[in-house]
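Student: If you scroll down you'll find the structure; I have some questions about it.
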Amino acid sequence: MKVLIVGNGGREHALAWKIAQSDLVEQVISVPGNPGTAECGRNLPGIRVEDIVGIVRAAKEEEVGLVVVGPEVPLCLGLADKLREAGFPVFGPGAAGAQLEGSKLFAKELLDRHRIPTGSWRRFSRAGSAKDYLENVETWPMVIKADGLAAGKGVFIVKSREEACTVIDQVMEERHLGDAGGEVVIEEYLVGQEVSIHVLTDGSTIVMMDPIEDHKQVGDGDQGPNTGGMGVSCPVGWLGQRAMRQIEQRILIPMLHALRVEGIPYQGLLYAGLMITEGGPQVIEFNCRFGDPETQALMRRFESDIVPYLLATANGTLDKCDAPAWDKRQCVGVVMCAEGYPGLYRKGEPILGISSANANEDVVVFQAGTRQDGPQLLTNGGRVLAVTAMGKNVAEAREAAYAGVEKIRWNGAFWRSDIGLRPATLSN
Ligand code: AMP
Ligand code: GLY
């Protein structure tokens, strides 16, 4: 069978790497892919992820047996619907399900209708009424979220009324985020420890994956602006069985029920961003796809062949699958970025040392913002690559990951030095 993977990030390199190991798979084809996915199969570099017609045409021409959609943008544009109409098994929800990520308002309303725990919130479609509301807020910080997709840049944690009003002006009046900021959610700030839970679901059955700790801020100690994710550690030592059961019973099963009673089909990955508060888990957000760089760690640890699980998710037969086997070791993944990220950054810097990092059998480097220019690999994005490493515990996995990072070089490369070192993790 040929498998088509849509996307060109580190997540897609990790998926291509894992899928290519399956005995069921003859070839992995990536649209458009990156130099990392090219090593796992073949790229169709001329097709963009938003080109729904082009992707459906490629799936037909290549006669693929499964399509795995990586990013949220094509899912929100209805790529999975169009592929299903054309008869392909697809891993990824249709446009209706993708709204969970595509509209914060849609997600918050659904959560409230089904009494799934999440921070209290209000919706605003005019800057004036948002500011009137902020006049009477007494506890800070608060969280302001643009309704639409904003590539991780639509969430603002504001510490004062003044700061909040500046954000409202920029998002709603000056439209810094374009149409995504036409409406906003103003939300209670949740206090606790953050964790990402990835779940495979065909709409009837869920397969929960091990929890992951993401590190979203650009700087050590969670300082500076949010990014797409600077590093991960999986599993999460401080999150016990009891908390996992609460997450399943209070959040995931009610969510599955909510999708069913609302008539929203869902075949793909449900990503719950959660805050573990004193009162239990609360939803920060739902995403409709695998996380990046979470997937890089998950694919390293997923021991079973993943393709039967992806196919069963696409075909609605997950209830027939046994629980997958996991590598019990810890995985730490460190993202290396181009100077300036998450703001403006330079592209085209020569990258050295990836094969030297990969020489350690515990290490796998997954490429994201890279481009091949003849024999030379160049930087081509903000998050350039992720160095993942396995170890007996967090300390060993960190040591191997950072030893790998030290071997890789380009002008202006930077990374966080504290991936895996959350205070709660250390106290365990
Ligand atoms: P999101 O894009 O919704 O994941 O938000 C980005 C980050 O902002 C999250 O990973 C959290 O760290 C933080 N965040 C979002 N909403 C809240 C909230 N209600 N309370 C506390 N932190 C939040
Ligand atoms: N790493 C966060 C995300 O994929 O949304």
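The sequence shown runs 191 to 618 under the numbering used here.
C-beta atoms are modelled at their ideal positions from N, C-alpha and C, and glycine is treated no differently.
May I have a chain-ordered list of the alpha helix (DSSP H) segments no shorter than 4 residues that lie completely inside the stretch 250-296?
Tutor: 262-266, 269-275, 285-292
Student: So for TRP428, helix, strand or coil by DSSP?
Tutor: Working through the sequence shown from its first residue, we reach residue 428 at position 238. Looking at TRP428 - three-state DSSP - the assignment turns out to be coil, as it is neither helix nor strand.
Student: Please state whether DSSP places ALA433 in a helix, a strand or coil.
Tutor: Counted from its first residue, the sequence shown places residue 433 at position 243. It is helical.
Student: Straight-line CA distance for LEU616 to TRP428?
Tutor: Within the sequence shown, residue 616 is the residue found at index 426, counting from 1. Within the sequence shown, residue 428 is the residue found at index 238, counting from 1. Its pLDDT being 38, under 50, LEU616 is placed unreliably in this model, and the coordinates cannot settle the point.
Student: Roughly how many whole angstroms lie between the Cα atoms of GLY572 and ARG561?
Tutor: Here residue 572 refers to the residue found at position 382 when the sequence shown is read from its first residue. Here residue 561 refers to the residue found at position 371 when the sequence shown is read from its first residue. Between GLY572 and ARG561, the C-alpha separation is close to 12 Å.
Student: What whole-angstrom Cβ distance do GLN472 and MET465 have, given they're in contact under 8 Å?
Tutor: Translated into the one-based positions of the sequence shown, residue 472 becomes position 282. Translated into the one-based positions of the sequence shown, residue 465 becomes position 275. Here GLN472 really is in contact with MET465; their C-beta atoms are around 5 Å apart, less than 8 Å.
Student: How would the residue list near the ligand GLY read, in chain order, if you kept each one whose beta-carbon is closer than 5 Å to any heavy atom?
Tutor: ASP404, GLY419, GLY481, ASP482
Student: Can you say whether ARG588 is buried or exposed, counting buried as having 16 or more other CB atoms within 10 angstroms of its CB?
Tutor: The sequence position of residue 588 within the sequence shown is 398, counting from 1. Label assigned to ARG588: buried.
Student: Measure the Cβ-Cβ separation of ALA576 and GLY200 and say whether it is below 7 Å.
Tutor: On the sequence shown, position 386 is the one that residue 576 refers to. On the sequence shown, position 10 is the one that residue 200 refers to. In this structure, GLY200 lies closer than 7 Å to ALA576 by Cβ.
Student: So, using beta-carbon positions, are THR417 and PRO264 closer together than 7 Å?
Tutor: Mapped onto the sequence shown, residue 417 falls at position 227. Mapped onto the sequence shown, residue 264 falls at position 74. No, Cβ-Cβ distance for THR417 and PRO264 is not below 7 Å.
Student: May I ask you to check if the CB of GLY309 is nearer than 6 Å to at least one heavy atom of the ligand AMP?
Tutor: Looking up residue 309 in the sequence shown gives position 119. GLY309: yes, Cβ under 6 Å from the ligand AMP.
Student: Are there three or more Cβ pairs, one per stretch, closer than 8 Å when the stretch 391-407 is compared with the stretch 500-509?
Tutor: yes
Student: How many angstroms separate the CA atom of GLU378 from the CA atom of ALA336?
Tutor: Translated into the one-based positions of the sequence shown, residue 378 becomes position 188. Translated into the one-based positions of the sequence shown, residue 336 becomes position 146. Roughly 15 Å separates the two Cα atoms.
Student: Should TYR461 be counted as a contact of the ligand AMP given a C-beta to heavy atom distance under 6 Å?
Tutor: For this step, residue 461 is matched to residue 271 along the sequence shown. Closer than 6 Å to some heavy atom of the ligand AMP: that does not describe the Cβ of TYR461.
Student: Please tell me whether LEU460 and THR569 are closer than 7 Å, where the distance is taken between their beta carbons.
Tutor: Here residue 460 corresponds to residue number 270 of the sequence shown, with the count starting at 1. Here residue 569 corresponds to residue number 379 of the sequence shown, with the count starting at 1. Not a contact, by the Cβ cut-off of 7 Å.
Student: Decide if the stretch 289-299 is in contact with the stretch 517-536; the criterion is three or more beta carbon pairs, one per stretch, under 8 Å apart.
Tutor: no
Student: Could you pull the start and end residues of the alpha helix (DSSP H) that ARG201 belongs to?
Tutor: For the purposes of this step, residue 201 is identified with residue 11 of the sequence shown, where counting begins at 1. Note, ARG201: alpha helix (DSSP H), 200-209.
Student: Kindly examine the ligand AMP and report whether one of its heavy atoms sits closer than 6 Å to the Cβ of ILE474.
Tutor: Locating residue 474 in the sequence shown gives position 284, counting from the first residue. At least one heavy atom of the ligand AMP is nearer than 6 Å to the Cβ of ILE474, so yes.
Student: Looking at the secondary structure, which residues open and close the beta strand (DSSP E) in which ASN158 lies?
Tutor: The first residue shown for the chain is 191 and the last is 618, placing residue 158 beyond what the model contains.
Student: Kindly list the residues whose CB is nearer than 7 Å to the CB of GLU363, restricted to its own chain and excluding five residues on each side of it in sequence; keep chain order.
Tutor: As a working note, residue 363 is residue 173 in the sequence shown. These residues qualify, in order along the chain: ALA317.
Student: Could you tell me the alpha carbon to alpha carbon distance between VAL375 and HIS405, rounded to whole angstroms?
Tutor: Reading the sequence shown from its first residue, position 185 is the one you call residue 375. Reading the sequence shown from its first residue, position 215 is the one you call residue 405. Going from the Cα of VAL375 to the Cα of HIS405 covers about 23 Å.
Student: For the ligand FAD, is there any heavy atom lying closer than 6 Å to the beta carbon of VAL333?
Tutor: For the structure depicted, the ligand FAD is absent and the ligand set comprises only the ligand AMP and the ligand GLY.
Student: State the CB to CB distance for the pair VAL381 and PRO401, rounded to an integer number of angstroms; the pair is presumed to be in contact (CB under 8 Å).
Tutor: Numbered from 1 along the sequence shown, position 191 holds the residue referred to as residue 381. Numbered from 1 along the sequence shown, position 211 holds the residue referred to as residue 401. With a Cβ gap of about 19 Å, VAL381 and PRO401 do not count as contacting.
Student: Can you list, in chain order, the residues of its chain with a C-beta nearer than 7 Å to that of PRO283? Leave out the 5 residues immediately preceding and following it.
Tutor: Taking the first residue of the sequence shown as position 1, residue 283 is located at position 93. Here the set comprises LEU265, ALA270, TYR456, GLN457, GLY458, CYS478.
Student: My understanding is that GLY421 touches VAL525, with C-beta atoms under 8 Å, so please give their C-beta distance in whole angstroms.
Tutor: Translated into the one-based positions of the sequence shown, residue 421 becomes position 231. Translated into the one-based positions of the sequence shown, residue 525 becomes position 335. Right, the Cβ-Cβ distance comes to about 5 Å (below 8 Å), so this counts as a contact.
Student: Who are the Cβ neighbours of GLY414 in its own chain at under 8 Å, not counting the five residues just before and after it?
Tutor: Position 224 of the sequence shown, counted from the start, is the residue given in the question as residue 414. Result list for GLY414: GLN407, VAL408, in chain order.
Student: According to DSSP, simplified to helix, strand and coil, what is LEU616?
Tutor: Here residue 616 is taken as the residue at index 426 of the sequence shown, counted from 1. Because LEU616 carries a pLDDT of 38, less than 50, the predicted location of this residue cannot be relied on, and no value is offered for it.
Student: Should TYR379 be listed as close to the ligand AMP, given that the test is whether its C-beta is under 6 Å from any heavy atom?
Tutor: The residue you call residue 379 lines up with position 189 of the sequence shown. Because some heavy atom of the ligand AMP lies under 6 Å away, the Cβ of TYR379 counts as near it: yes.
Student: With a threshold of 16 other CB atoms inside 10 Å of the CB of ALA513, please say whether the residue is buried or exposed.
Tutor: The count along the sequence shown starts at 1 and reaches residue 513 at position 323. With fewer than 16 Cβ atoms within 10 Å of its Cβ, ALA513 is classed as exposed.
Student: With ASN477 as the anchor, note down where its beta strand (DSSP E) starts and where it stops.
Tutor: Taking the sequence shown and counting its residues from 1, one reaches residue 477 at position 287. Its beta strand (DSSP E) spans residues 470-477.
Student: Using CA coordinates, which residue listed in GLY463, ALA504, GLY581, ALA591 is at the minimum distance from SER546?
Tutor: Stepping through the sequence shown from its first residue, residue 546 is reached at position 356. By alpha-carbon distance to SER546, the top candidate from GLY463, ALA504, GLY581, ALA591 is ALA591.
Student: Check for me: the alpha helix (DSSP H) holding ILE443 runs from which residue to which?
Tutor: Reading the sequence shown from its first residue, position 253 is the one you call residue 443. It spans 443-451 - the alpha helix (DSSP H) in which ILE443 sits, taken as one unbroken run.
Student: Could you give the distance in angstroms between the alpha-carbon of ALA502 and the alpha-carbon of GLY255?
Tutor: In the sequence shown, residue 502 corresponds to position 312, counting from 1. In the sequence shown, residue 255 corresponds to position 65, counting from 1. Cα-Cα distance, rounded: 12 Å.
Student: How long is the line joining the alpha carbons of ARG490 and THR578, rounded to whole angstroms?
Tutor: Here residue 490 refers to the residue found at position 300 of the sequence shown. Here residue 578 refers to the residue found at position 388 of the sequence shown. Straight-line Cα distance between these residues: approximately 8 Å.
Student: Identify the continuous alpha helix (DSSP H) that holds CYS355 and give its terminal residues.
Tutor: Residue numbering aside, residue 355 sits at position 165 when the sequence shown is read from its first letter. Residues 351-358.
Student: Can you name the start and end residues of the alpha helix (DSSP H) that MET489 belongs to?
Tutor: Mapped onto the sequence shown, residue 489 falls at position 299. Unbroken alpha helix (DSSP H) run through MET489: 484-491.
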